[in-house]
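> Per this note's numbering, residue 1 is the first one in the sequence shown, and the count goes up by one each step.
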Amino acid sequence: MKAEWEFVVKVTATGANIYRRYQLPPPPLLDPATADHSTYSTLRPIQLTSTGKQPIMANTDPKLADSPVRTLQLSALVVMRIIKHSTTSFPTPATGMLVGMDVGTALEVTNSFPFPVSTPDTQAGQVAMNPADPYYQADQAALALAAPRAKGSATYSAEMLKYLREVNVDAQGVGWYMSCSMGNFVSAAFIENQAFYQRQTDERSVALVFDVSRTSQGSLNLHAYRLSPAFVAAMKENKFTTESLQKSNLRYQDILIELPITIHNSHLLTSFLHQLPTPPPSAPTAKDFPASLAELRADAQTHIASNPLAPNYDTLDLAIDPFLEKTSDLLLESIEAHTQEQNNASYYQRSLGREQAKIKAWQEKRKAENALRAQQKQPALPEDEWQKLFKLPTEPSRLESLLIGRQVEQYARQVDGFSAMVSGKMFGVKGGLVPGEM
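(1) So residue 261 and residue 64 are in contact, right, with Cβ under 8 Å, and what is the actual spacing, rounded?
(2) Report the partner residues of residue 178 according to the DSSP bridge assignment.
(3) If the criterion is Cβ atoms closer than 8 Å, does the pair residue 355 and residue 392 meet it?
(4) Applying the criterion that 16 or more other CB atoms from any shown protein chain within 10 Å of the CB defines a buried residue, is residue 183 buried or exposed?
(5) Per DSSP, what kind of secondary structure is residue 111 in: helix, strand or coil?
(6) Using 10 angstroms around the beta-carbon of residue 384, count the other beta-carbons present and answer buried if the total reaches 16, otherwise exposed.
(7) If we count the other Cβ atoms within 10 Å of its Cβ and call it buried at 16 or more, is residue 252 buried or exposed?
(8) Is the separation between the beta-carbon of residue 250 and that of residue 227 shorter than 8 Å?
(9) For residue 248, report the span of its beta strand (DSSP E) as first-last.
(10) How is residue 255 classed by DSSP in three states: helix, strand or coil?
(11) Does DSSP put residue 378 in a helix, in a strand, or in coil?
(12) In the DSSP assignment, find the alpha helix (DSSP H) that holds residue 165 and state where it starts and stops.
(13) Once the 5 residues before and after residue 87 are set aside, which same chain residues still bring their CB inside 7 Å of it?
(14) According to DSSP, is residue 102 part of a helix, a strand, or is it coil?
(15) Can you round the beta-carbon distance between residue 173 and residue 97 to whole angstroms, since I take them to be within the 8 Å contact cut?
(16) Run the CB neighbour count on residue 329, radius 10 Å, all protein chains shown included, and call it buried at 16 or more, exposed below.
(17) With respect to the alpha helix (DSSP H) encompassing residue 88, which residues constitute its N-terminal and C-terminal limits?
(18) Which residue from 159, 208, 187, 353 puts its Cα closest to that of residue 222?
(19) Closer than 6 Å by C-beta to residue 71: which residues in its own chain qualify, once you throw out the five before and the five after it? Chain order, please.
(20) Between which residues of its own chain and residue 426 is the CB-CB distance below 6 Å, once the five residues before and five after are set aside?
(21) Quick check on this structure: which residue in 203, 161, 193, 141 has the alpha carbon closest to the alpha carbon of residue 181?
(22) Quick check: the Cα distance between residue 82 and residue 179, rounded to an integer number of angstroms?
(23) Would you kindly work out how many angstroms separate the C-alpha atoms of residue 152 and residue 161, rounded to a whole number?
(24) Work out the CA separation of residue 117 and residue 89 for me, nearest whole Å.
(25) Using CA atoms only, rank isn't needed, just tell me which of 168, 362, 145 is closest to residue 110.
(26) CB-CB under 6 Å to residue 94, same chain, minus the five flanking residues each way: which ones, in chain order?
(27) Does DSSP put residue 405 in a helix, a strand or coil?
(28) If you drop the 5 nearest sequence neighbours on each side, which residues of the same chain put their C-beta closer than 8 Å to that of residue 406?
(29) Ignore the nearest five residues each way along the sequence and tell me which others in residue 374's own chain have a CB closer than 7 Å to its CB.
Structure (structure tokens):
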């Protein structure tokens, strides 16, 4: 097999760097009936393109037409690093930097590293080191979410990129990543981090969100987001009043733009996966069928341990109650928070109405006084003194209301998607138990 070398020349402000990548053409898929199992293996079907890429997310968002970045390509090594970092730091959010290069309207992420997180100081200079302490957990989460835009993280990232540049690998920051649980990531900290990267670092930066809880249900849950141009313009003006939102026609659906993600394996890794040795399939016998659920799980674990490419049974679990119950609780909390924001807006409208009524009464009284003074040939009193006597209430920002609305939509999508997936499993179980009712 002839090897192929690919040279990529990247011109930066400090000069031109040449990156060399070793590639091999992907091997053809083998026929299970004629394959030589002593050398090759028959693998379970996987959807791979000829370049070793596996699309995991599809997105036809029309807002991508105006975005400088339309697709995101992740290296499989980056995905594994993010998963490991997120699971080890759970339930504290994990944050880190994405490194790669931009090619046209696509971003290629080839490396990543975590941000350093300082120890929280909770009580007058005393550090609470008890992980079960809710105050410690809250402080730890706040520090983790603030790490992407912290000065210490900026210094650390600059040093890491310097070392990567010295070994002649991709050394361009293309965004950052964070982990979340149950889809709870739309917050002011997330928006500030992404706005910081799109303004200060690179306009093409993306935010990668990995959901630990959803991934534990059996499928990889990874999403890439960017702030929409309309929302970035509103943040520059720092005006989220009712009038400005109506003028710009900005809705909670317009805050984020989701990018399609593609996971990429090198040709060497793809060739290795296709050539992993596996035992040849044999005809099933009566002894192969388990007699109980415990025996089925034990056989599955043994089979997976002996065959690294064997499919597991995590996707067949009917874990309905825990996930839906927690998501429903979070959905109700978000709805209550949205109701509280609406109450604050209503209170502002009532306060504004009362003050405007007082101002109108004062102006009418002043006009009557000036009319009387005019009859008496006396100088008129100024009619703009109400600005010194009355103070109109300040309208609260509607940004929090927009973020809560976007988070409510996120929870609703999760409930819809998970319910649809579990419904199919339940109908399958029903068909196996009661075949006549299908």
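Just so it is clear, CB atoms sit at the ideal spot from N, CA and C, and this is done for glycine as well.
Just so it is clear, the structure is predicted and the values come from calculations on it, not from any experiment.
Concretely, from the data shown:
(1) Cβ atoms of residue 261 and residue 64 stay farther apart than 8 Å, at about 13 Å.
(2) 95, 209
(3) For residue 355 and residue 392, yes; Cβs fall inside 8 Å.
(4) buried
(5) strand
(6) Under this definition residue 384 is an exposed residue.
(7) buried
(8) no
(9) Segment 242 to 248 is the alpha helix (DSSP H) holding residue 248; no beta strand (DSSP E) there.
(10) coil
(11) coil
(12) In the DSSP assignment, residue 165 falls within the alpha helix (DSSP H) that extends over 151 to 166.
(13) 212
(14) strand
(15) 6 Å
(16) Counting C-beta atoms within 10 angstroms of its own C-beta, residue 329 has fewer than 16 neighbours from the protein chains shown and is therefore classed as exposed.
(17) 76 to 89
(18) 208
(19) Answer for residue 71: 106, 260, listed in chain order.
(20) Closer than 6 Å at Cβ, skipping near neighbours: no residue.
(21) The residue from 203, 161, 193, 141 with its alpha-carbon nearest to that of residue 181 is 141.
(22) 8 Å
(23) 14 Å
(24) 11 Å
(25) 168
(26) 85, 86, 179
(27) helix
(28) 186, 252, 253, 255, 256
(29) 380
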